[in-house]
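Q:
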Amino acid sequence: MRIGIDGRMLGNTGIGRYLRNLLVHLAREDHENDYIVFMNDENNQGVDQENFRFVTLRPAIPIYALSEQYRLPFEICRTQPDLMHYPNFDLPLLRCCPYIVTIHDLIYYLYPEQCPSKAAQYYAAFMLKHATQHARMVLTDSQHSKDDLMEHLQLSDEKIRVIFPAAEESYVPRQPEDREQAALPQKYGITRPYIFYVGKHHAYKNIEALIYAYVQHNEIYRSFQLVIGGKRDERRNDLYRLAESLDPCGQICFTNTLAEEELLQFYQHAALFVFPSLYEGFGLPPLEAMACGIPVISSNAASLPEVAGDAALLVNPHNREELADAIRKVLTDRELAETLRTKGLEQARSFSWTSAAKEHLAVYEQAVSQRKAR
1 MRIGIDGRML GNTGIGRYLR NLLVHLARED HENDYIVFMN DENNQGVDQE
51 NFRFVTLRPA IPIYALSEQY RLPFEICRTQ PDLMHYPNFD LPLLRCCPYI
101 VTIHDLIYYL YPEQCPSKAA QYYAAFMLKH ATQHARMVLT DSQHSKDDLM
151 EHLQLSDEKI RVIFPAAEES YVPRQPEDRE QAALPQKYGI TRPYIFYVGK
201 HHAYKNIEAL IYAYVQHNEI YRSFQLVIGG KRDERRNDLY RLAESLDPCG
251 QICFTNTLAE EELLQFYQHA ALFVFPSLYE GFGLPPLEAM ACGIPVISSN
301 AASLPEVAGD AALLVNPHNR EELADAIRKV LTDRELAETL RTKGLEQARS
351 FSWTSAAKEH LAVYEQAVSQ RKAR
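First residue of the sequence shown? That's 1 in UniProt numbering, and the numbers climb one at a time after it.
Okay, here's the thing in structure tokens:
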């Protein structure tokens, strides 16, 4: 088989990390089929196997740009793949071969206000329907997302395949003697044990509830800082003003974008990870925290119970009192924290990129065999 993969979103975003891990593990597992990865830069992610070819698009073809509708199909057709894999609903309307698409969630469909404009809302809704209806198969990250696809886009059960992602292999508990890493939080003004959140700052992430819960107990507020990772969002000035108004002692830190190495270190040194999101297609951050040996409090909404299992303290994200009480319990009950830490490590090990890569390969083979049968 010759498999084309749209790699333009490679990077440190959620989809970018999904792509990176998929490529690395496909390269380890499959030495027979040929892969063509279409990129906007020359970073091959450390994949140098002979059966992987990286095509650098010059000039670059940005995501959501008009050029992806006429230049990208041309570049793809030149390589004559048997199948294309798109990691997102944003794909060319013109095609020269069958394709599969990964839909990680229906955020833009269920929460259209997250789109930057009305035009973007209409585009996302149209492309979600088009991409899934014309795909040979649709991949998604959780059973909850599969249910959403069936309910809202009327896809059949047989057309959707759930493949769970996993935490990065480098996400492991820190070593006690690693003093260099311990200095990193101080660079950001973190001088006390801290509660950690990382992710986008969109409204559905429910960060306001975390801030309210954090400041509710004076003992917690005085003893622990709250670190909120993720790129600052110019549309969320209301969130940043709220944090300032409730935080007279400067205990809340917004880090802005973190480099991959910094993100790992912030996970490893946290006293507690809290993820109060109202909706997730999968919810990788709680799993990453578990892999680092950090106790986790998670929302019980959407796909998050699938991710957390019984290894996190699950709370109603709409109940700030419940969230505040959960934070107090984990930070004051060492036995509970240790139980969550132990269960979390075990839960993280139950997800594997090796398994995910093999499942992707099986889908590629099935999709190509369907083409040949027609």
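Here a beta-carbon is modelled for each residue, glycine too, at the ideal position from N, C-alpha and C.
Have a look at Leu-139 and Cys-249 and give me their C-alpha separation to the nearest angstrom.
A: So the alpha carbons of these two residues sit roughly 46 angstroms apart.
Q: With DSSP collapsed to three states, give me the class of Leu-139.
A: Strand at Leu-139.
Q: Output needed for Arg-2: all residues of its chain with C-beta closer than 6 angstroms, excluding positions within five of it in sequence on either side, in chain order.
A: For Arg-2, where only same-chain residues beyond five positions count, the Cβ hits under 6 angstroms are Asp-34, Pro-81, Asp-82.
Q: Is there contact here, the segment 13 to 28 with the segment 202 to 221, by at least three beta-carbon pairs under 8 angstroms?
A: No, because fewer than three Cβ pairs between the segment 13 to 28 and the segment 202 to 221 fall closer than 8 angstroms, the two stretches do not touch.
Q: When DSSP builds the beta bridges, which residues end up paired with Ile-297?
A: Ile-297 pairs with Val-274, Leu-313.
Q: Would Ala-135 be called buried (16 or more neighbouring beta carbons within 10 Å of its own) or exposed?
A: Flag for Ala-135 reads buried.
Q: Please classify His-152: is it buried, with 16 or more other beta-carbons within 10 angstroms of its beta-carbon, or exposed?
A: The residue is exposed, with fewer than 16 neighbouring Cβ atoms inside 10 Å.
Q: Inspect the CB distances between the segment 314 to 329 and the segment 252 to 270 and report whether three or more fall short of 8 angstroms.
A: Verdict: no, contact absent.
Q: So what's Gly-16 in DSSP terms, helix, strand or just coil?
A: Residue state, collapsed to three classes: helix.
Q: DSSP on Asn-21, reduced to helix/strand/coil?
A: Note: Asn-21 maps to helix in three-state DSSP.
Q: Excluding the five sequence neighbours on either side, which residues of its own chain have a C-beta within less than 8 angstroms of the C-beta of Tyr-221, listed in chain order?
A: Once the five neighbours on either side are set aside, the close Cβ partners of Tyr-221 are Tyr-214, Val-215, Cys-249, Gln-251.
Q: According to the Cβ coordinates, are Ile-63 and Asp-90 closer than 7 angstroms?
A: Contact flag set, yes.
Q: Would a C-beta distance cut-off of 7 angstroms place Glu-68 and Pro-92 closer than the cut-off?
A: Closer than 7 angstroms, so yes.
Q: Any idea what DSSP makes of Met-39, helix, strand or coil?
A: Strand at Met-39.
Q: With distances taken from CA atoms, which of Gln-143, Thr-354, Glu-75, Ser-277 is nearest Asp-30?
A: Of the listed residues, the one whose Cα sits closest to Asp-30 is Thr-354.
Q: List the endpoints of the continuous alpha helix (DSSP H) containing Val-307.
A: Taken as a continuous stretch (DSSP letters only), the alpha helix (DSSP H) holding Val-307 covers 304 to 308.
Q: For the alpha helix (DSSP H) that contains Thr-56, what are its first and last residues?
A: Taken as a continuous stretch (DSSP letters only), Thr-56 belongs to no alpha helix (DSSP H), being part of the beta strand (DSSP E) at 52 to 56.
Q: Span of the alpha helix (DSSP H) holding His-269?
A: Element bounds for His-269: 260 to 269.
Q: Can you tell me where the alpha helix (DSSP H) with Cys-77 in it begins and where it stops?
A: Run containing Cys-77: 71 to 79, per the alpha helix (DSSP H) assignment.
Q: Between the alpha carbons of Ile-228 and Ala-125, how many angstroms are there, rounded?
A: Approximately 30 angstroms between the Cα atoms of the pair.
Q: Beta carbon of Pro-295, beta carbon of Leu-272: below 7 angstroms?
A: Closer than 7 angstroms, so yes.
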